[in-house]
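Below is one structure; the comments refer to it alone.
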Amino acid sequence: MKPILSHGLIWKVGDGLSINAWKDRWIPSLDSSFTLPPRPPECMSERVADFINPQTRQWNWSVVSAVWPPGILPKILSIPLKFQSHADRHIWAPHKSASYMVKSAYDLLWQLKNRDRNEFPLTKFIWKIKLPFKIRFFLWQCCKGLVPTSELLASKGFVVDSSCSLCNHGDDSQYHIFLQCPFARAIWLQQQLHALVNIQALSFSQCFQNVMKSLLSLSRHQTNDYIIRFGASLWWIWKCRNESRFDGSQPDTRRTLCSINALVLNV
Ligand SMILES: [Zn+2]
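If you're matching positions, the sequence shown starts at 1343 in my numbering and goes up one per residue.
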């Protein structure tokens, strides 16, 4: 029963001194199977206490927002902090009463069994890809469906322009930007990846996972080459989206393909 207990237990944030922000389970609205991203190399904050203003006992927004992805940020900021600091403590997470109940332990055991059967450890594999850290972090966001598009920001209550700045027709959603947008389709087509990047998937993250699984079934040499090219292409499509959205620059397929090739050759 001990491994089940460790999956069901979660830290309740007090002073944050006992909790490793990047390794421990402490964000209650995240599923027990959710893998936190690794600490970015430039981030020196390791304990949850490092993200709390000790004077006001509020989350230190600038420190939290600088290092946590947009999909996780609101979940951290919504964790209540008591003004009177107290020691962190473990609570039982799966049931609302936060007390251990046999039924919820069995429910959790069932979920874990199914997860182990169905889920490929892709998120762990992503951190081993031979690409710069910022691109691996971006690919982790792709895998989790956490790329900060207008669609994702709108779902968090932000008011943003929702149209695709690459083609001015579709939505600024992960599904459109990476799968449907004529700009992205041209990038996939020019690299003979258009059949692999299938637009029939239920979601972009589902498509991402399917492509990665297909590429991992190739020989080791081919797998590395294709995965790096696939990752570099996604990164450059996203970079072009940001440049057209924030700098008003026109997306250029030929120039983008040159950038992808340069990145692939230099890793
Ligand atoms: Zn578009």
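Here a beta-carbon is modelled for each residue, glycine too, at the ideal position from N, C-alpha and C. Every value quoted in this text rests on a predicted model; they were computed, and no experiment measured them.
Am I right that residue i and residue j are in contact with their C-beta atoms under 8 angstroms? What's the rounded C-beta distance?
i     : j     : result
L1538 : S1561 : The Cβ separation is near 16 angstroms, so there is no contact.
Q1564 : C1485 : Actually they do not touch by this definition, with Cβ atoms about 21 angstroms apart.
P1379 : I1352 : Contact flag wrong, Cβ pair sits at about 18 angstroms.
K1365 : P1416 : K1365 to P1416, Cβ: 21 angstroms. No contact.
R1595 : A1543 : The sequence given here has Thr at residue 1595, not Arg. Not a contact, Cβ separation roughly 23 angstroms.
W1401 : L1419 : 5 angstroms
A1429 : F1393 : At roughly 17 angstroms, the Cβ-Cβ gap does not stay under 8 angstroms, so A1429 and F1393 are not in contact.
R1389 : G1358 : 6 angstroms
Quick check: the Cα distance between residue i and residue j, rounded to an integer number of angstroms?
i     : j     : result
P1383 : F1479 : 11 angstroms
S1492 : V1502 : 6 angstroms
S1439 : K1354 : With a pLDDT of 48 at S1439, under the threshold of 50, the modelled position of this residue cannot be trusted; read the value that follows with caution. S1439 and K1354: Cα-Cα distance of roughly 13 angstroms.
M1554 : H1432 : 36 angstroms
V1606 : A1574 : 7 angstroms
N1460 : F1588 : Confidence at N1460 is low in this model, with a pLDDT of 49, below 50, so its placement is unreliable and the value that follows should be read with caution. Each residue's Cα considered, the two are about 39 angstroms apart.
Q1532 : K1476 : 25 angstroms
K1344 : C1523 : Bear in mind that the predicted position of K1344 carries a pLDDT of just 46, short of 50, making it unreliable; the figure below should be weighed with that in mind. Rounded to whole angstroms, K1344 to C1523 spans 48 angstroms at the Cα level.
S1559 : P1396 : 50 angstroms
F1546 : W1580 : 13 angstroms
K1472 : Q1548 : 22 angstroms
A1604 : D1514 : 27 angstroms
C1506 : W1577 : 16 angstroms
F1500 : L1488 : 15 angstroms
T1398 : I1519 : 41 angstroms
N1456 : C1600 : Residue placement at N1456 is poorly supported in this model, since its pLDDT is 49, which falls under 50; the coordinates are not used for a value here.
F1572 : R1381 : 24 angstroms
P1689 : T1598 : Lying before the first or after the last residue shown, residue 1689 is absent from the chain, which here runs from 1343 to 1609.
Q1592 : C1385 : 34 angstroms
L1508 : Q1516 : 13 angstroms
Confirm the yes/no value for this check: CB of residue i, any heavy atom of ligand 1, distance under 8 angstroms.
i     : result
I1519 : yes
F1525 : yes
Q1522 : yes
H1536 : no
N1584 : no
G1512 : yes
C1600 : no
L1508 : yes
If you follow the alpha helix (DSSP H) that residue i is part of, which residue opens it and which one closes it?
i     : result
I1569 : R1562 to F1588
I1468 : L1464 to I1468
W1353 : Not the alpha helix (DSSP H): W1353 falls in the beta strand (DSSP E), residues L1351 to K1354.
C1484 : F1475 to K1486
E1493 : S1492 to S1497
R1527 : P1524 to Q1532
M1554 : F1546 to L1558
N1608 : T1595 to N1608
K1614 : Residue 1614 lies beyond the residue range present for the chain, which begins at 1343 and ends at 1609; the question has no answer from this structure.
Determine the extent of the beta strand (DSSP E) in which residue i is found, giving its start and end residues.
i     : result
W1434 : R1431 to W1434
K1365 : Run containing K1365: none; DSSP gives neither H nor E here.
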